[in-house]
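Residue numbers for the sequence shown follow the numbering used here, beginning at 97 and rising by one.
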Amino acid sequence: MAGTFEALDDFLSDGLTLPVTGADGVTREYHIPDPSAEAGIRIERITSLAARLAAGGSVPEKQVLDDEEELDLYRLCLGDAYDSLRADLSWSMFKHVALTTMFWITADEDTALEYWRTGEAPGKAGRNRAERRAMSRGSSAKGAANGTPSPAYTSGTRAASQQPRKRGGRGRDRQPT
C-alpha cells in the first residue's frame, strides 16, 4: 500500500537567499521568492528555447515569445527582489544573481549552487581552481581530446622548412640502382 504524501511546503523551499556584496561594499542577504506558476512557465519556455537554439536547433517558424517576455527574464526570475538588487548591485553582480536564480528555478538548488560558486554553466566548470588552470594551459589531457594530429612538416612556405624524404621511388636522396 502506498504511503501518504507530505504537504509540498514541507520539503520545497519558498525562495532562495543569496549573500551579495553591494556597490557600497556591504554584504546583504537577498531573498528571492519562489516565482508564481505563470512566471515559472514563462521562464521555462524562454530557457528551453534558448537551450535548443544554442544546441543547434532550428529557429521556430512563428514567434514563441513576445518582446516583453524575452526582455523581462531577469524580472521574472528575481520577482519582488528585482528592484532592490538592480539598485544595489553592479551589472556583473546583478547578472550573476539573476542567472543563479534562473538555474534554481529551471533545475534545482545544487545546479544553482554550482553556478553561484563557479560562474560557469553547470557541468562545464572544473572541479577546483587547480583543475581549471590545468585545462586552460593546454594540458596533455586537453591535447589528447583534439582529434586533429599536428603536421609532421610544414608546407614549405617558410625558408627554414625542410621537405620530407621520399621513401621508395627516385627521390633526390636515393642513388639510382
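Here a beta-carbon is modelled for each residue, glycine too, at the ideal position from N, C-alpha and C.
Keep in mind it's a predicted model, so treat the numbers as computed, not measured.
- Between Asp130 and Trp187, the alpha-carbon positions lie close to 22 Å from each other.
- Minimum Cα-Cα distance from Ile201 among the listed residues Ala135, Tyr126, Thr100 corresponds to Ala135.
- Taken through DSSP and simplified to helix, strand or coil, Thr117 comes out as strand.
- Annotation for Glu125: the continuous beta strand (DSSP E) segment containing it runs 123-129.
- From the listed residues Arg182, Asp168, Gly152, Gly121, the smallest Cα separation to Arg141 is found for Asp168.
- Rounded to the nearest angstrom, the Cβ distance from Thr197 to Leu174 is 6 Å, consistent with a contact under 8 Å.
- Spanning the alpha carbons of Ala147 and Gly219 requires a straight line of approximately 14 Å.
- Between the alpha carbons of Glu102 and Ala119 lies a gap of roughly 42 Å.
- A residue is called buried once 16 or more other Cβ atoms fall within 10 Å of its Cβ, and Ile137, having fewer, is exposed.
- Shown here, Gly215 sits in coil according to DSSP, grouped into three states, outside any helix or strand.
- Residue Trp212 holds the alpha-carbon nearest to the alpha-carbon of Phe190 among Leu104, Ser144, Trp212.
- Using a 10 angstroms sphere on the CB of Glu125, the tally of other CB atoms stays under 16, which defines it as exposed.
- Taking a C-beta distance under 7 Å as the contact criterion, Gly111 and His127 qualify as a contact pair.
- Nearest Cα to His192 within the set Gly215, Arg171, Ser180, Leu172: Gly215.
- Around the beta carbon of Ala208, 16 or more other beta carbons sit within 10 angstroms, so the residue counts as buried.
- Listed in chain order, the non-local C-beta contacts of Leu172 below 6 Å within the same chain comprise Ala135, Arg138, Ile139, local neighbours out to five positions each way being set aside.
- In terms of Cβ geometry, Tyr170 and Ala194 form a close pair [threshold 7 Å].
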